[in-house]
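In my numbering, the protein residues as written are 10 to 476. Okay, structure first, notes after.
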Ligand SMILES: NC(=O)C1=CN([C@@H]2O[C@H](COP(=O)(O)OP(=O)(O)OC[C@H]3O[C@@H](n4cnc5c(N)ncnc54)[C@H](O)[C@@H]3O)[C@@H](O)[C@H]2O)C=CC1
Ligand SMILES: O=C(O)CCC(=O)C(=O)O
């Protein structure tokens, strides 16, 4: 287990001053941590803003043009926020990540074990997107770094892009438009179809697949779907038992699965061969899901009448003229194909989605940094306690992320034992467990010892004491 840098500053800087207090209506944590109904309804209390360090010492690095809404929330906390429009190459990322407590990324930045090993101060990662395949989630958890994402704020945007592509492919709109841009009038109906009455096959019937299902039926399409789990159908959609059944039955096949070892090249030469002649393929999931040379082949042979790709195995770090063979060896082949829509990973790129994602992920980061709450984390157990209040001035919140091995709780409670444990919650996820306890009557002079005693336990991954 790598040794992490310590979260806690010297006792001299451990001030008990609560410089910002909020009442229930203005606290950034109020809606999240309001007392449960078992506490007798909503009591108007002043929640205490907890501090692991002075908030202005928290360094945040935001990459990939994270939306302004997210930046504003983080800056309002007083954190130091550095914002960059593009992602960084690995060497530059390693240089920068050494210094920061929080990093915000989108789908491009790869937070591998090699990068995270250098991130000695990092406590939390915010993926301002749905996919988290770009982060080594296991390594992060084993090293006490929580990861948050936005599980559905851009689902609708992706579904709407796909709907537009279904019609655009059926009518060859992009080719006609490109021709006319070049001055050529080409009025044809050959190979152009209505979508009404056609069958849409959805692979991966999650948040995006569901939205798409409803929209497609509203246009008069029949919907079939394939998923590795049994799921309730929307409307009159029908789940099929195998991918082969879906490929054989659909006029349009659209992919909405996560990037996993099992989904790599999910659609290759064999699967393309199973599709109906003259059908269409759409991929707005991840570039690894389709074997692109096999797709080029299927299109050249006329097996497919068209395709739309939004995602690619290698994507550029930022905007510019990068869609060439230097990045992906088959880029020129793709560019030469007819009725092939190529978009630069914009499925989730709408004002609505990006602004909602900015708020959702930034809020989760603030809750985690300031209060230790892991609700919504994708790699840690979900743990939360109601907020400490201003009526509890000598309370501290202990967060102990540890290896999930027998006997830890006994040892932790021995350390906490001289104090009153007001509330405590612990949960585990695989090899990692997360304990949160609010303890009372802690003198300022005791905080550092408390922290040190927990750090000295052999099961420790990371200790934070918020006060
Ligand atoms: N192009 C873009 O801008 C965007 C792309 N995405 C991608 O779309 C993916 C799907 O997003 P959501 O619908 O929100 O995810 P989700 O998690 O709600 O749904 C994914 C579904 O795929 C199923 N699945 C997993 N492995 C499968 C397999 N081997 N075969 C068939 N089904 C399988 C799951 O059971 C689940 O129902 C994301 O993981 C992300 O990679 C997401 C948002 C934007
Ligand atoms: O907007 C982005 O950068 C990524 C969108 C995406 O692929 C996701 O949300 O998983």
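For every residue, glycine included, the Cβ atom is placed at its ideal position computed from N, Cα and C.
- Going by C-alpha positions, residue 231 is about 24 angstroms away from residue 161.
- Rounded to whole angstroms, the Cβ separation of residue 204 and residue 176 is 6 angstroms, and the two are in contact under 8 angstroms.
- Proximity of the beta carbon of residue 217 to ligand 1 is indicated: a heavy atom of the ligand is located closer than 6 angstroms.
- Membership of residue 411 in the beta strand (DSSP E) is indicated by the continuous run 405-412.
- In this structure, the CA atom of residue 309 is about 43 angstroms from the CA atom of residue 103.
- A residue is called buried once 16 or more other Cβ atoms fall within 10 Å of its Cβ, and residue 136 is buried on that count.
- A distance criterion of 6 angstroms places the beta-carbon of residue 138 in contact range of ligand 2, judged by its closest non-hydrogen atom.
- Separation of the CB atoms of residue 326 and residue 332 is rounded to 13 angstroms, and the pair is thereby denied contact status at 8 angstroms.
- In terms of side-chain proximity, the C-beta atom of residue 165 is found no nearer than 6 angstroms to any non-hydrogen atom of ligand 2.
- Residue ranges of uninterrupted alpha helix (DSSP H) with 4 or more members, entirely inside the stretch 246-295 and ordered along the chain, are 252-258, 278-283.
- Counting along the chain, residue 210 sits inside the beta strand (DSSP E) bounded by residues 208-212.
- A distance below 7 angstroms separates the beta carbons of residue 397 and residue 57.
- Rounded to the nearest whole angstrom, the C-alpha separation of residue 167 and residue 359 is 9 angstroms.
- Cβ contact annotation for residue 407 (same chain, cutoff 6 angstroms, sequence separation greater than five): 446, 474, in chain order.
- A check of alpha carbon separations from residue 274 across 303, 386, 86, 138 identifies 303 as the nearest.
- In this structure residue 141 is buried. Its beta-carbon is surrounded by 16 or more other beta-carbon atoms within 10 angstroms.
- Taking C-beta atoms as the reference points, residue 76 and residue 345 fail to come closer than 7 angstroms.
- By the neighbour-count criterion, in which 16 or more other beta carbons inside 10 Å mark a residue as buried, residue 454 falls on the exposed side.
- Along the length of the stretch 288-367, whole beta strand (DSSP E) runs at least 3 residues long occupy 288-292, 313-318, 349-351, reported in chain order.
- For secondary structure counted as the beta strand (DSSP E) over 3 or more consecutive residues, the stretch 136-195 holds these complete runs in sequence order: 155-157.
- DSSP, read as helix, strand or coil, puts residue 429 in strand.
- In the structure shown, residue 369 falls within a helical segment according to DSSP collapsed to helix, strand and coil.
- Taking 7 angstroms as the cut-off, the Cβ atoms of residue 375 and residue 383 do not count as close.
- Here the stretch 409-426 makes contact with the stretch 456-466; the two share three or more CB pairs at distances below 8 angstroms.
- In this chain, the beta strand (DSSP E) harbouring residue 113 covers 111-114.
- Straight through space, the alpha carbons of residue 221 and residue 227 are spaced by roughly 10 angstroms.
- At least one heavy atom of ligand 2 sits closer than 6 angstroms to the Cβ of residue 115.
- Note that the C-beta distance between residue 259 and residue 200 is not below 7 angstroms.
- Burial state of residue 165 is buried, judged by a 10 Å Cβ sphere holding 16 or more other Cβ atoms.
- Around the beta carbon of residue 158, 16 or more other beta carbons lie within 10 angstroms, which makes this residue buried.
- The beta carbon of residue 265 sits closer than 6 angstroms to at least one heavy atom of ligand 1.
- For the pair residue 155 and residue 371, the CB atoms are not nearer than the 7 angstroms cut-off.
- Look at the beta carbons and you see the stretch 142-149 touching the stretch 110-130: at least three pairs across the two are nearer than 8 angstroms.
- With a 10 Å radius around the Cβ and a threshold of 16 neighbouring Cβ atoms, residue 470 comes out buried.
- For the 7 angstroms CB-CB criterion, residue 441 and residue 150 form a contact.
- For residue 70, there is no enclosing alpha helix (DSSP H); the residue is found in the beta strand (DSSP E) stretching over 68-71.
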